[in-house]
């Protein structure tokens with residue numbers, strides 16, 4: 002499997018596609034895809050609930066996702082996933098307002114625009130690609146992000 006195919010399979014797997022769906026879309030062998038997905042999942046470090054909570058608290062205290070990743074020794078992709086999951090669990094402002102008025106009707110408008118869904122899909126694919134990178138490639142990726150921030154800052 003080429004690196005491009007690995008990135009594609011990783012992105013598809015991260016987006017929730019089954020191995021059978023990935024095989025149909027890519028034309029790769031089922032065993033090859035299953036082995037790659039299994040190996041990729043073994044490489045991922047299990048993060049304790051206590052660490053996840055600490056990451057969220059650190060982020061909520063004003064730190065960036067990158068700072069959280071460095072502090073807790075996890076990948077930026079993992080920090081992003083933890084923070085995104087915590088945001089999904091938070092009640093919407095409408096839910097909080099409704100419950101504070103004593104009305105027990107839950108309001109949760111989870112409808113997302115097509116643009117929002119496309120952005121979430123693109124983020125998932127980029128995170129899946131990042132997870133397959135070597136440590137040297139990760140450093141290059143992060144250097145590129147820093148460079149982009151500097152360029153954006155100069156343009157203001």
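Residue numbers (our numbering): 2 to 157. Beta carbons: idealized from backbone N, C-alpha and C, even for Gly.
Please state the DSSP three-state secondary structure of residue i.
i, result
"residue 28", "coil"
"residue 154", "helix"
"residue 64", "coil"
"residue 47", "coil"
"residue 101", "Note that residue 101 scores 43 on pLDDT, short of 50, meaning its location in the model is unreliable; the coordinates nonetheless yield the value given after this. Of the three classes helix, strand and coil, the one that applies to residue 101 here is helix, per DSSP."
"residue 91", "coil"
"residue 135", "coil"
"residue 79", "helix"
"residue 74", "coil"
Go through its chain and collect everything with a Cβ distance to residue i's Cβ below 8 Å, but skip five positions before and after it.
i, result
"residue 59", "68, 69, 72, 73"
"residue 52", "73, 75"
"residue 21", "31"
"residue 35", "20"
Start and end of the alpha helix (DSSP H) containing residue i?
i, result
"residue 128", "115-132"
"residue 13", "4-15"
In chain order, what residues of the same chain have a beta carbon less than 7 Å from the beta carbon of residue i, not counting five sequence neighbours either side?
i, result
"residue 55", "73"
"residue 80", "56, 66, 69, 70"
"residue 2", "29, 33, 37"
Rounded to whole angstroms, what's the CA-CA distance from residue i to residue j? Just pull it up for me.
i, j, result
"residue 141", "residue 132", "14 Å"
"residue 149", "residue 48", "30 Å"
Smallest Cα separation from residue i: which of the options?
i, options, result
"residue 41", "77, 11, 24, 89", "11"
"residue 13", "62, 147, 65, 26", "26"
"residue 78", "39, 114, 126", "126"
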